[in-house]
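Here the structure is laid out as structure tokens; the discussion comes afterwards.
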Amino acid sequence: MIKLHYLRGYAFSVRQVHTQVAIVGGGTAGLNVAAQLIADGHAIPQQIRIFEPMKMHTYQPGWTMVGGGLYDINKTLKPMEKVLPKNVIVSDSPVIRINPEQNQIQTFDGEKYTYDQLVVATGVRTDFDQIKGARKYLEDPNSPVASIYHFKYASKMNRLVDEFEGGKLVFSEPQMPIKCGGAPQKIVYLSHDRLRKRGIKSDIHFYKTSALIFGVPKYAEVLADVCQRKQINCHFKQKLVEVQDHIAIFENQDTKELQSVQFDLLHLVPPQVPGKYIAASGLGDAAGYCNVHPATLQHVKYKNIWSLGDCSSLPTSKTAAAVMAQTPILVKNLIRTWKKGLEPLPEYEGYTSCPIFTSQSTLLLAEFKYNSELDETFPIFQSNESRLMFYLKKDFFPFAYWYFMVKGLWGGRDGFRFFKGA
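Taking our numbering, I'd label the letters of the sequence shown as residues 1 to 422.
Encoded structure:
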């Protein structure tokens with residue numbers, strides 16, 4: 001019945017609705033932009049329309065902690081109406097195309113909307129089906145295959161490690177970019193520590209598609225030492241291409257040879273891709289990400305289109321911390337060009353942060369910007385693993401997200417935004 005309703009609307013609806021600021025995506029990036037536009041006094045809620053089909057908002061950085069036995073899955077989920085700014089207009093039919101020449105958005109139900117300013121913030125999609133057999137074994141509750149890149153599979157990972165009685169654990173990491181590029185190894189270290197505390201003997205192997213443990217030399221040195229100390233076997237340029245019963249098949253990225261690896265527990269990370277509508281609408285770069293200027297966040301061709309977060313072409317690590325740094329710059333530039341007729345300011349330098357759990361009580365806080373240049377907030381605590389940084393990530397960041405970010409009052413490492421505006 002639902003499909004028939006959508007088809008009927010698509011065929012006969014010609015109504016167009018105008019909104020001043022259209023935001024495609026109600027995840028961390030889209031929600032943060034809407035909240036800051038309102039909190040800073042640039043727009044009233046009724047001037048903003050958010051296109052978001054999901055009914056639940058998810059705190060995805062928490063899923064690593066769920067899989068690592070540190071966090072309750074229910075604390076990572078809230079109904080969308082509980083986090084959206086009050087009185088913001090919401091359209092829950094998926095966007096299928098944008099016509100930037102006519103400032104028009106088309107949704108799956110056939111409706112058409114026009115806009116003055118457009119923010120593209122739909123994140124990336126986890127494509128488990130790119131790994132043959134992955135979905136089958138992830139969905140099987142009796143199979144020892146899990147992933148922290150889905151709330152259901154993250155809970156499964158927590159259970160599998162709890163029940164693990166020894167043997168070989170295999171962890172994979174796909175080609176970059178992915179959201180939270182450090183997460184695939186966070187779960188390695190968290191799982192190792194849990195098993196160590198229980199006295200369980202384990203043989204841990206970490207297979208990475210890339211050639212490096214981490215892209216920033218300072219942190220790579222620390223993490224290489226962590227792996228050596230914990231006796232974690234690292235394998236580079238190895239891409240997971242198929243999952244079978246207790247067998248993972250990897251492809252060597254140089255020779256293209258296939259290798260079958262037996263496992264007793266497999267944690268996999270899926271490849272991730274931007275929404276197809278971005279490329280279909282002529283907004284994407286060669287890889288399909290919304291093509292924006294790396295310093296202004298303005299689209300390279302369409303001056304009233306902006307993008308941030310995981311779906312953007314910004315050449316930095318895709319993290320929530322990056323979104324917090326990008327949002328005030330996007331908001332400032334959007335208002336400068338729209339309401340003041342000024343050129344956008346090239347202020348974004350690529351800041352991002354990757355808090356990497358190295359055990360169930362320590363963390364390495366990696367902060368950097370474009371070209372892997374260090375950009376640290378707490379240098380004294382960032383040369384090695386830190387217990388203080390662990391609690392900052394585990395306890396304070398979720399609190400700040402749910403109670404301040406959704407209200408436009410959290411600026412990431414810039415702190416609270418009570419007296420800030422674009």
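Cβ coordinates follow ideal geometry from the N, Cα and C atoms, glycine included.
- When Q244, V120, E251, L223 are compared, the shortest CA-CA separation from V331 is found for V120.
- Taking a C-beta distance under 9 Å as the contact criterion, G62 and K82 do not qualify as a contact pair.
- Around the Cβ of E385, a 10 Å sphere holds 16 or more other Cβ atoms; the residue is buried.
- Here the alpha carbons of I249 and V145 stand approximately 14 Å from one another.
- Cβ neighbours of P45 within its own chain (closer than 7 Å, five residues either side excluded): I38, P85, K86, N87, V88.
- Between A325 and Y351 a beta carbon distance of about 4 Å is seen, short of the 8 Å cut, so the two are scored as contacting.
- R135: member of the alpha helix (DSSP H) spanning 134-139, first to last residue.
- DSSP lists T126 as the beta-bridge partner residues of Q272.
- Taking every protein chain shown into account, the CB of Y403 has fewer than 16 other CB atoms within 10 angstroms, so this residue is exposed.
- Under DSSP, Q244 shares a beta bridge with I247.
- If you ignore the 5 residues before and after L169, its C-beta comes within less than 6 Å of the C-beta of S202, I204, L265, all in its own chain and listed in chain order.
- If you look at D203, you'll find it in the beta strand (DSSP E) that goes 202-208.
- Contact between P355 and L365 holds, since their C-beta atoms are separated by about 5 Å, short of 8 Å.
- Between the C-alpha atoms of I187 and L195 there is a straight-line separation of about 12 Å.
- At a Cβ-Cβ threshold of 9 Å, Y115 and Q20 count as neighbours.
- Counting only runs of at least 3 residues, the region 307-351 fully encloses no beta strand (DSSP E) element at all.
- Between D127 and V273, the CB-CB gap stays under 9 Å.
- Per DSSP, reduced to three states, the secondary structure at S353 is strand.
- Judged by DSSP in its simplified three-state form, E373 adopts strand.
- Taking the CA atoms as reference points, I50 sits about 46 Å from Q262.
- The three-state reading of DSSP puts T64 in helix, counting H, G and I together.
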